[in-house]
Amino acid sequence: MDLREEKNKLLLSELKSMEVIDISEGKRLGFIGDIIFDEDLTYIKSFVIPYQSGIFSVFKKREELEIKWEQIKVIGVDIMLVDLLNENANVD
Numbered sequence: 010m011d012l013r014e015e016k017n018k019l020l021l022s023e024l025k026s027m028e029v030i031d032i033s034e035g036k037r038l039g040f041i042g043d044i045i046f047d048e049d050l051t052y053i054k055s056f057v058i059p060y061q062s063g064i065f066s067v068f069k070k071r072e073e074l075e076i077k078w079e080q081i082k083v084i085g086v087d088i089m090l091v092d093l094l095n096e097n098a099n100v101d
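Quick note: the sequence shown, position 33, residue 42 per my numbering, numbers continuous.
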C-alpha cells in the first residue's frame, strides 16, 4: 500500500523536504527541522526551522524560527507558504 495515495495524508519525510516561504516578504525561510505538538500530542502547534548555516555561521548565534500552525497558509506538494505577519497567530 502506498501511503501517499490517501488524500490529505502527508508523510514526515515529505514534510521535512518542503521548503518554507514567507509570503509577507517573499523570503525563503528554510526547511522544517522539528514539529512541536500540544501537551496531549493531539495536534501540531508549530514547526521549527533550524538556522541555515553559511560561511560565517561560526560567528553567529544559532537561532531557530518557530512557525505557528495559524501562520501556515498553504501546504503544497513541495512548498509550504506561511505568513509571519499574520496578526491572528498566537506568536510568543
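Glycine included, C-beta positions come from ideal geometry on N, C-alpha and C.
Using only alpha-carbon positions, find the residue among GLN80, GLY85, ILE88 and VAL86 that is nearest to SER33.
The residue you call residue 33 lines up with position 24 of the sequence shown. Ranking GLN80, GLY85, ILE88 and VAL86 by Cα distance to SER33 puts GLN80 first.
Suppose only complete runs of 3+ residues qualify. What are the beta strand (DSSP E) ranges in the segment 24-90, listed by chain order?
Entirely contained in the segment 24-90, the beta strand (DSSP E) runs reaching 3 residues are, in chain order, 28-31, 36-40, 43-46, 53-59, 73-77 and 81-84.
How many Å lie between LEU20 and MET27 at the Cα?
Locating residue 20 in the sequence shown gives position 11, counting from the first residue. Locating residue 27 in the sequence shown gives position 18, counting from the first residue. Rounded to the nearest angstrom, the two C-alpha atoms are 11 Å apart.
Is PHE56 buried or exposed, if buried means 16 or more other CB atoms sit within 10 Å of its CB?
For the purposes of this step, residue 56 is taken as residue 47 along the sequence shown, with counting starting at 1. With 16 or more other Cβ atoms within 10 Å, it is buried.
Compute the distance between the beta-carbons of GLU73 and PRO59, then report whether it is under 7 Å.
Locating residue 73 in the sequence shown gives position 64, where the first residue counts as 1. Locating residue 59 in the sequence shown gives position 50, where the first residue counts as 1. Yes, Cβ-Cβ distance for GLU73 and PRO59 is below 7 Å.
Between the Cα of LYS18 and the Cα atoms of VAL91, PHE40 and ILE84, which residue gives the shortest distance?
Here the question's residue 18 lines up with position 9 in the sequence shown. Measuring from the Cα of LYS18, the nearest candidate turns out to be ILE84.
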